[in-house]
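**Student:** Input: one structure, supplied below.
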């Protein structure tokens, strides 16, 4: 168990929340407004190609494509692992999924603060949904913290823990690919990702990934799978002999 690393990540997470929460620190409000209005000025009929691209990047079809890419990266991580196996990486995937579900549930039940996306809060904004026929999401009544951002960060963190550097950096780039379109269209503030999702990841994930918990869970699932396979094989032999 690496307490120093856990403490470092936790302090970074707390520092992020502090810079956003204390009234005297207005930097995130300025950053949020500046980035939103910068991209919002291009969501007009004057930029049809750009609005079409943005719309495509904010559909459920794109979300599904990102999930497929995630699975491909998980497969690539397994193939590049000298000790990789279907059982090992299947167990990693299962533990990662359970971690994501538990953390998401805790966030939704424990966190009481919520706010809407900029397109739902501000007046006189350009709405992408008014310029395209694609079913693009450009607003949210509750955008803090970013669920998509947190899930992508969980995946990236697990890749940094178990995969090689190439896959880990690719997973980090995936976080940007998942989050950027939603920020550019106004479905999220920058702070929904850089403060909300990232601070949660920095505070919670080290207690999973920097402790024996995750390795024990993965190894336990692998051992359980091997035992079940042995039992199934014995039953098959017995049935065949009978």
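Numbering (the numbering used here), first residue to last: 160 to 401. By construction, the Cβ of each residue, glycine as well, lies at the ideal position given by its N, Cα and C atoms.
1) For residue 175 versus residue 357, is the C-beta spacing smaller than 8 Å?
2) Helix or strand or just coil, what does DSSP make of residue 247?
3) Answer yes or no: do residue 362 and residue 172 have a C-beta to C-beta separation smaller than 8 Å?
4) Between 294, 264, 367, 272, which has its C-alpha nearest residue 404's C-alpha?
5) Could you give the first and the last residue of the continuous alpha helix (DSSP H) run that contains residue 366?
6) Quick one: Cα of residue 224 to Cα of residue 164, how far?
7) What are the boundary residues of the alpha helix (DSSP H) that residue 296 is part of?
8) Check for me: the alpha helix (DSSP H) holding residue 210 runs from which residue to which?
9) Quick check: what's the CA-CA separation for residue 253 versus residue 221?
10) Could you check whether residue 310 and residue 236 sit closer than 8 Å to each other, using their CB atoms as the reference points?
11) How big is the Cα-Cα spacing for residue 331 and residue 338?
12) So, residue 195 versus residue 366, is the Cβ gap smaller than 8 Å?
13) Who are the near neighbours of residue 199 in its chain, counting only those whose CB is closer than 7 Å to its CB and skipping five residues on each side?
14) I need the DSSP call for residue 204, collapsed to helix, strand or coil.
15) Pick out the complete beta strand (DSSP E) segments inside the stretch 215-286, 3 residues or longer, and give them in chain order.
16) Is it true that the CB of residue 316 sits closer than 8 Å to the CB of residue 380?
17) Can you tell me which of the three DSSP states residue 345 falls into?
18) Work out the CA separation of residue 296 and residue 290 for me, nearest whole Å.
19) Along the chain, where does the alpha helix (DSSP H) containing residue 173 start, and where does it finish?
20) So residue 384 packs on residue 352, CB below 8 Å; how close in whole Å?
21) Mind checking which residues open and close the alpha helix (DSSP H) that includes residue 303?
22) Under a Cβ-count criterion, where at least 16 other Cβ atoms within 10 Å of its own Cβ denotes burial, should residue 343 be classed as buried or exposed?
23) When you compare the stretch 320-334 with the stretch 231-250, are there three or more beta-carbon pairs, one atom per stretch, that lie closer than 8 Å?
24) Could you check the C-alpha separation between residue 204 and residue 333 for me, to the nearest Å?
**Tutor:** Looking at the coordinates:
1) yes
2) helix
3) Cβ distance < 8 Å, so residue 362 and residue 172 count as in contact.
4) With the chain covering 160 to 401 only, the question about residue 404 has no answer from this structure.
5) 365-368
6) 34 Å
7) From DSSP, residue 296 is part of no alpha helix (DSSP H); its letter is neither H nor E.
8) Unbroken alpha helix (DSSP H) run through residue 210: 207-215.
9) 23 Å
10) no
11) 11 Å
12) no
13) 284, 285, 345
14) coil
15) Here no run is fully enclosed.
16) no
17) DSSP places residue 345 in coil when its eight states are reduced to three.
18) Looking at the two C-alpha atoms, the distance is approximately 12 Å.
19) 162-180
20) In fact, because the Cβ distance is near 36 Å, the residues do not count as touching under 8 Å.
21) Counting along the chain, residue 303 falls outside any alpha helix (DSSP H), and DSSP gives it neither H nor E.
22) buried
23) Touching, yes, given that three or more Cβ pairs across the two stretches are closer than 8 Å.
24) 29 Å
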